[in-house]
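Structure first, then comments.
Protein chains in written order, with the numbering used here: chain B, 1 to 483; chain E, 1 to 483.
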């Protein structure tokens, strides 16, 4: 075999191993008997170790060296380019550190879970300190060309993104949202609707069915926290959850569908290569947010959903349903935040985690810094650490640099949505009728198709003709503040 | 790390990979959207290739050489002994042949499926010829010390078993069963019961629950063909199926439970070693057959099941239910055969596949040989190849040497059951009350605990004090012929 064939074979193997890992995780959260957790952790550990070994193997470096300067067609040139980037990055982290990080992540999640349940930050602090220290060590291995530690970690989720750029964008965003939050506080608070689970299930099923979610290539299951898994473009699995008394199931189903559609519509020629998946966490989140914010929360689409609910025995005025889906009210918890205040939760997390990783904030000072930030950004008084800095698992799991993608996703979604509408014309009638083919097609052509061939900002520039902007998002949320 | 530690780590890795492979297969048959099959085949192929590479790696040979003659405790001595056996066996098959075998197996199953649907043996013959030829090549690599090709293949499923021994036992068995089949034909034919699916489900659920099948460590699902998968002793998954008009679901649930209990009760100290799984296909099948033939078909236990069915709204006399479960009637299809004639289906397959592999029967002559054998052994006229030599997938998948375990399992089950009763005294009252703890305990102590530390015949000798015998099975089936 030629070096290119060997490289492609290894990339196919790593792609398969990633799919296998995703299946194990999906099964754990959706199907596995609870006492299976111990064996599952061993299986996942073995897969991670094998994957790391195969992804960092010296022979990859040798193949890439042989390919250096060779004239390659497409997508082979990109396959080699990204393979070099991934291989060099992965090879910079010593095996012992990778093992230590994995162990600390598992321990940290366990510590976090116990500490949150008892509202005891001090019990979690040692595990968090260890995670921060190991993340700094890892960043030290990864950082290139004067990157800060946090810059280096951002590259795990969004290659090419810089802390300074995120800080600039988030600063502008927080400044622009401040008066909108104040404006929203002068209006009526959020409406809550008591929608029976059976009606929600019927509406979710018929909505997903309109989107092409069929039994031949999809599964829809229930899990404690909604998520998406894909084991191949013809094996997409999303989960949702149902609670009486809200319509979260609809929003979360569309959110997860957005993730799934991204993976499903990458160029089939990239399947089983290192390019056949979403390019970054922020673009991935933009796809879920586009379907959540701009479709599920679109007034025309809400009319259709109200009809579906009525068909399932729950009559509701579309205006009231819409109000329940978009009502703005600052609150302490990120995952249940409204679309306007949501990014402010992220701005806070970005400020704090970049300061932790860059050595500017001590773990012991985190709760106070959190509570100050919530007051400053959202005007919210935090009642306990459990509802404050202990609310998310990420830091317990050792994930630093992931949070920004949640807000960047909101911005990118709004920017893509405006461009799409400018190019396609009004989508209102189609949304009202539940005809979503043109939206799916536009996203496939301008975003999904490229897989990892373009990084976040180049992809955004190609799709919209502009770099990252906050104005489209502001235009989306401003009317919500004035309701 | 010492050579022993390295060896144990590799064995743990291979054990994890086997669990992962089992999960992928379980998911494919129970959960996967049908269009996911293409990607799943790739994932399974990648796992098989990695597993083969890690199981045959030269470093294993080096570790074993270093351990040669070293004083090892238990279970380490057995770990090294079986590791050497497995490594040498796997290493004898060249990688290219292993790849070719896997491909021929996939092609052969596809060809078989199409040929069976059209009752067209000629369309399947080329794929079968290729499978036989490759199996002979593989046997040539594996055979040691004058073993015949079929001897060598038997070792895949039942290490240490010889063709001559199987031929002797099956010859005696066929001879002894002949008058019993004739006797059965003079009595009334099989009774069929129309048991509503809901009542079957209730009876299966409460029966499994009595056996300790709980949600914390088990799953029970439905699949086209019942099977068992285990991803750890605390993650056991069995499947069953329900049809109106028979009580197969009860038999198949207990059958699969027997397989699961074997894996669940191996010595915990053997977990994640190369010893922590069932020792052979025939012992595995003995465990499923013990619960199917000797518990589910036990008159005292049937009284309990009749009560369960009555509780679920289906009243049936225990005697009638028992008659439906044990009625003898020779027929063409193996999987629906009664307990008496079942082994004769296997005797035929053994005769034919050993002749194919040893070069004594041409593929073209298989249908005629099949039909002759069915007439001779069972007095059955085969109406078509689809109901004849095309009925099973095994040969299409390239599995030769697997079939004997089905009949050996029946014999071993009966032998274990008699020994258990001799040691424990009558189990009748416990069976009637659904108290199965002593049966589970005896099997755990005398069979399951040992994992792969003892091969089939040594295990049987240790558990029962005797080698393989046909008399216990004959004592079990003789009364069924006279009903």
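Heads up, the beta-carbon is just placed ideally off N, CA and C, and yes, glycines get one too. Quick caveat, the model's predicted, so the values are computed rather than measured.
Take residue 249 (chain B) as the anchor and find which of B:224, B:260, B:267, B:233 has the nearest alpha-carbon.
The shortest Cα separation from residue 249 (chain B) among B:224, B:260, B:267, B:233 belongs to B:224.
Rounded to the nearest angstrom, what separates residue 75 (chain B) and residue 451 (chain B) at their Cα positions?
Approximately 11 Å, taken between the alpha carbons.
By the criterion of Cβ-Cβ separation under 9 Å, what are the contact partners of residue 17 (chain E) in chain B?
By Cβ distance, chain B contributes 43, 46, 47, 50.
Please confirm if the segment 316–329 of chain E is in contact with the segment 141–150 of chain E, defined as three or more CB-CB distances below 8 Å between the two stretches.
No: fewer than three Cβ pairs fall under 8 Å.
Alpha carbon to alpha carbon, what distance is there between residue 212 (chain E) and residue 474 (chain E)?
Their Cα atoms are separated by approximately 31 Å.
Of all the beta strand (DSSP E) runs that stay within the bounds of the segment 246–328 of chain B, which reach a length of 3 or more residues?
As far as the segment 246–328 of chain B is concerned, it has no whole beta strand (DSSP E) run of at least 3 residues.
Fully enclosed by the segment 50–127 of chain E, which alpha helix (DSSP H) runs are 4 residues long or longer?
Correct list: 58–67, 76–91, 95–117.
Using the beta-carbon of each residue, which ones in chain B are nearer than 8 Å to residue 24 (chain E)?
Simply 20, 23.
Mark residue 237 (chain B) as exposed unless 16 or more other C-beta atoms lie within 10 angstroms of its C-beta, in which case mark it buried.
Buried is the call here.
If you measure from the beta carbon of residue 448 (chain B) to each beta carbon in chain E, is any gap under 7 Å?
It does not; no Cβ of chain E falls within 7 Å.
Between residue 411 (chain E) and residue 470 (chain E), what straight-line distance do the alpha-carbon atoms span, to the nearest angstrom?
Approximately 6 Å between the Cα atoms of the pair.
Spell out the partners DSSP gives residue 221 (chain E) in its beta bridges.
E:239, per the DSSP bridge assignment.
So, helix, strand or coil for residue 228 (chain B), using DSSP?
Residue state, collapsed to three classes: strand.
To which residues of the same chain is residue 361 (chain E) closer than 7 Å at the C-beta, ignoring the five residues directly before and after it?
Within the same chain, residue 361 (chain E) has close Cβ partners 352, 355, 369.
Buried or exposed for residue 232 (chain B), going by 16 or more other Cβ atoms inside 10 Å?
It counts as buried.
Taking 8 Å as the cut-off, does the segment 446–463 of chain B touch the segment 263–273 of chain B (at least 3 CB pairs, one atom from each stretch)?
Yes: at least three Cβ pairs fall under 8 Å.
Compare the C-beta of residue 231 (chain E) against all C-beta atoms of chain B and say whether one is closer than 7 Å.
Yes, residue 231 (chain E) lies at the interface with chain B (some Cβ there is under 7 Å from its Cβ).
Kindly list, in the order they appear in chain E, the residues whose Cβ is closer than 7 Å to that of residue 27 (chain B).
Correct list: 23, 27.
Does DSSP put residue 409 (chain E) in a helix, in a strand, or in coil?
Three-state result, residue 409 (chain E): helix.
Cutting at 6 Å between CB atoms, please list the residues of its own chain near residue 260 (chain B), excluding the five before and the five after it.
Excluding sequence neighbours, residue 260 (chain B) sits near 228, 236, 238.
Just the C-alpha distance for residue 136 (chain B) and residue 109 (chain B), rounded to the nearest angstrom, thanks.
Whole-angstrom Cα-Cα distance: 18 Å.
Output needed in chain order: residues of the segment 302–320 of chain E with a Cβ under 8 Å from some Cβ in chain B.
Residues passing the 8 Å Cβ filter: none.
What residues in the segment 212–224 of chain E have a beta carbon less than 7 Å from any beta carbon of chain B?
Taking 7 Å as the Cβ-Cβ cut-off against chain B, the residues of the segment 212–224 of chain E that qualify are 215, 216, 217, 218, 219.
Shorter than 7 Å from the beta carbon of residue 343 (chain E) to some beta carbon of chain B?
No, its Cβ sits nowhere closer than 7 Å to a Cβ of chain B.
Quick one: what does DSSP say residue 1 (chain B) is sitting in, helix, strand or coil?
Coil.
I need the DSSP call for residue 192 (chain B), collapsed to helix, strand or coil.
Coil.
Within 10 angstroms of its Cβ, does residue 118 (chain E) collect 16 or more other Cβ (buried), or is it exposed?
With fewer than 16 Cβ atoms within 10 Å of its Cβ, residue 118 (chain E) is classed as exposed.
Taking the alpha-carbon of residue 357 (chain B) as reference, which of B:65, B:102, B:69, B:133 has the nearest alpha-carbon?
The option with the nearest alpha carbon to residue 357 (chain B) is B:133.
To the nearest angstrom, how far is it from the Cα of residue 12 (chain B) to the Cα of residue 311 (chain E)?
The alpha-carbon atoms of residue 12 (chain B) and residue 311 (chain E) are separated by roughly 54 Å.
Below 8 Å, how does it come out for the segment 306–320 of chain B and the segment 1–12 of chain E: are there three or more Cβ pairs, yes or no?
Short answer: they don't touch.
What is the DSSP secondary structure of residue 417 (chain E), counted as helix, strand or coil?
Correct three-state label for residue 417 (chain E): helix.
If you check the beta carbons only, do residue 417 (chain B) and residue 290 (chain B) fall under 7 Å apart?
Yes; because the gap between Cβ atoms is below 7 Å, this pair is in contact.
Alpha carbon to alpha carbon, how far is residue 262 (chain B) from residue 444 (chain B)? Give it in angstroms, no decimals.
Roughly 7 Å between the two C-alpha positions.
Within 7 Å of any Cβ in chain B, is that where the Cβ of residue 35 (chain E) sits?
By this cut-off, residue 35 (chain E) is an interface position.
Let me see if you follow: with CB-CB separation under 7 Å, is residue 13 (chain E) close to chain B or not?
Interface residue, yes.
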